[in-house]
Amino acid sequence: MSLRVHVAPFGIRDFLRDAVRDGGGVVTDDVMDAEAIVYTAPNDPRGLQALLQRQPAIAWVQLPWAGIERYLDVLDTTRLWTAGQGIYAKDVAEHILALTLASLRDFKRRATATSWQPPSGRSLHGARVTVFGAGGITAALVPLLAPFGVELTVVRRQAVPFVGAVRTLTLGDRLEAVREADVVVVALALTDDTRRLVDGPLLAAMRPDAVLVNVARGGHVDTDALVEALQHRRLGGAALDVTDPEPLPPGHPLWSEERCFITPHCANTPAMAEPVLRERVRDNVRRYVAGETLLGIVDVSAGY
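Residue numbering for the sequence shown follows our numbering, starting at 97 and increasing by one per position.
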């Protein structure tokens with residue numbers, strides 16, 4: 097059995113054409129001749145929708161991202177959808193640790209100082225850390241935090257125990273989950289249930305010396321509420337790899353906030369992504385050809 101795969105758009109991540117071939121598939125430039133699509137345009141859901149309308153017989157669509165909120169309107173239940181869940185977890189978990197340490201150690205103030213400053217900073221050792229999300233990123237973060245002896249709380253949709261956490265709570269318990277935390281990490285999918293998860297009430301429930309770290313999506317955080325909390329010193333700091341709006345425009349108050357550390361959505365860079373994405377596509381093509389279960393299957397009803 098061979099699998100005919102259309103990789104689109106041409107010119108974006110063309111290395112995935114080789115990944116398809118390595119997995120035992122056949123690359124076709126004509127979508128009308130394809131059984132599956134590997135779609136790689138990050139901001140063009142209409143383009144994918146047009147391809148599916150042209151060739152409704154497509155049985156499987158592979159998306160390369162872990163977060164697929166831009167493509168929710170294109171998802172359907174007539175075909176199999178897979179995405180990049182889990183493949184970027186190690187790199188993102190490493191970025192979480194870097195942002196956490198930079199924030200606790202007051203590196204934003206240190207990096208922008210022009211004179212010798214009084215000592216400040218806190219240790220991660222023995223800290224209480226709350227992570228929203230129970231996916232691959234959190235699983236990869238647990239061993240990175242282990243040497244620090246943190247007390248880990250995981251918040252997820254269901255209160256199913258998470259390996260490495262001392263307690264697991266649900267989103268309904270989100271305020272309780274952050275009350276005593278030194279660090280609160282956002283690492284979950286953006287859905288209707290999690291949009292503006294970090295709002296005024298949640299920020300008010302956090303300790304005034306706590307640090308917020310967001311590596312998921314900017315839409316998880318009420319930006320205005322975050323600015324207010326930082327400006328009024330009701331929060332110890334924030335470290336953001338994602339923002340709302342994104343990119344964060346020049347002159348935005350968060351840029352000049354000394355307790356806010358911002359990186360430009362680079363927890364996983366293109367150079368980091370290529371080898372793991374190549375492997376995921378290659379493996380899923382091989383699995384599809386062999387009739388095996390694919391990796392990263394999207395729950396269409398849940399939206400991730």
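Ideal placement from N, C-alpha and C gives every residue a C-beta, glycine not left out.
Residue i versus residue j: straight-line alpha-carbon distance, rounded
{"i": "L240", "j": "L350", "result": "28 Å"}
{"i": "L112", "j": "T136", "result": "9 Å"}
{"i": "N364", "j": "T287", "result": "21 Å"}
{"i": "R150", "j": "A194", "result": "45 Å"}
{"i": "L197", "j": "V170", "result": "39 Å"}
{"i": "S397", "j": "Q327", "result": "39 Å"}
{"i": "A162", "j": "T234", "result": "14 Å"}
{"i": "D401", "j": "A386", "result": "Outside the displayed span of the chain (97 to 400) sits residue 401, for which this structure offers no information."}
{"i": "A146", "j": "R253", "result": "34 Å"}
{"i": "G222", "j": "A207", "result": "26 Å"}
{"i": "A334", "j": "E131", "result": "45 Å"}
{"i": "V311", "j": "F228", "result": "11 Å"}
{"i": "V103", "j": "S216", "result": "52 Å"}
{"i": "L53", "j": "G314", "result": "Absent from the model: residue 53. The displayed extent of the chain is 97 to 400, so no value can be given."}
{"i": "K204", "j": "L299", "result": "21 Å"}
{"i": "G232", "j": "P105", "result": "28 Å"}
{"i": "Y400", "j": "D118", "result": "27 Å"}
{"i": "H361", "j": "G392", "result": "22 Å"}
{"i": "D110", "j": "T226", "result": "39 Å"}
{"i": "T249", "j": "N139", "result": "34 Å"}
{"i": "L99", "j": "G107", "result": "21 Å"}
{"i": "R166", "j": "L144", "result": "11 Å"}
{"i": "E370", "j": "P141", "result": "21 Å"}
{"i": "T124", "j": "L176", "result": "19 Å"}
{"i": "E276", "j": "Q213", "result": "29 Å"}
{"i": "G180", "j": "E324", "result": "35 Å"}
{"i": "A155", "j": "T174", "result": "8 Å"}
{"i": "G332", "j": "E353", "result": "11 Å"}
{"i": "R303", "j": "R383", "result": "48 Å"}
{"i": "P160", "j": "V381", "result": "13 Å"}
{"i": "A209", "j": "D202", "result": "11 Å"}
{"i": "D129", "j": "T178", "result": "20 Å"}
Cβ separation of residue i and residue j, assumed to be a contact under 8 Å, to the nearest whole Å
{"i": "I133", "j": "V157", "result": "5 Å"}
{"i": "V200", "j": "R224", "result": "Strictly speaking, residue 200 in this sequence is Leu, with Val absent from that position. That belief does not hold up - the Cβ atoms of L200 and R224 are roughly 12 Å apart, past 8 Å."}
{"i": "V281", "j": "G260", "result": "That belief does not hold up - the Cβ atoms of V281 and G260 are roughly 13 Å apart, past 8 Å."}
{"i": "V338", "j": "A306", "result": "V338 to A306, Cβ: 19 Å. No contact."}
{"i": "G121", "j": "V101", "result": "5 Å"}
{"i": "L220", "j": "V188", "result": "The Cβ separation is near 18 Å, so there is no contact."}
Collapsed DSSP secondary structure at residue i in the structure displayed
{"i": "E247", "result": "strand"}
{"i": "A104", "result": "strand"}
{"i": "Q327", "result": "helix"}
{"i": "R201", "result": "coil"}
{"i": "F111", "result": "helix"}
{"i": "I192", "result": "helix"}
{"i": "T359", "result": "coil"}
{"i": "L344", "result": "coil"}
{"i": "G338", "result": "Position check: residue 338 holds Val in this sequence, whereas Gly was assumed. DSSP places V338 in coil when its eight states are reduced to three."}
{"i": "T234", "result": "helix"}
{"i": "G333", "result": "strand"}
{"i": "T319", "result": "helix"}
{"i": "T226", "result": "strand"}
{"i": "S219", "result": "coil"}
{"i": "T208", "result": "helix"}
{"i": "S352", "result": "helix"}
{"i": "G314", "result": "helix"}
{"i": "Q239", "result": "Position check: residue 239 holds Pro in this sequence, whereas Gln was assumed. Note: P239 maps to helix in three-state DSSP."}
{"i": "A185", "result": "helix"}
Check: residue i C-beta below 7 Å from any heavy atom of the ligand ZN
{"i": "Q327", "result": "Within the structure as shown, the ligand ZN is missing, as the structure has no ligands at all."}
Checklist entry - Hey, which unbroken runs of the beta strand (DSSP E) at 3 residues or more fall wholly within the region 364-394? => result Counting only runs of at least 3 residues, the region 364-394 fully encloses no beta strand (DSSP E) element at all.
Item to check | alpha helix (DSSP H) runs wholly inside the region 250-310, at least 4 long, in chain order | outcome: Qualifying alpha helix (DSSP H) stretches, in chain order: 270-274, 296-301.
Item to check | Runs of alpha helix (DSSP H) lying entirely within the region 101-182, each at least 4 residues, in chain order | outcome: You should have 111-118, 141-150.
Next on the checklist: Using 8 Å as the cut-off, can you tell me whether the region 262-274 makes contact with the region 318-325, which would need three or more C-beta pairs spanning the two stretches below that distance?
Outcome noted: Contact between the region 262-274 and the region 318-325 is not established, with fewer than three Cβ pairs separated by less than 8 Å.
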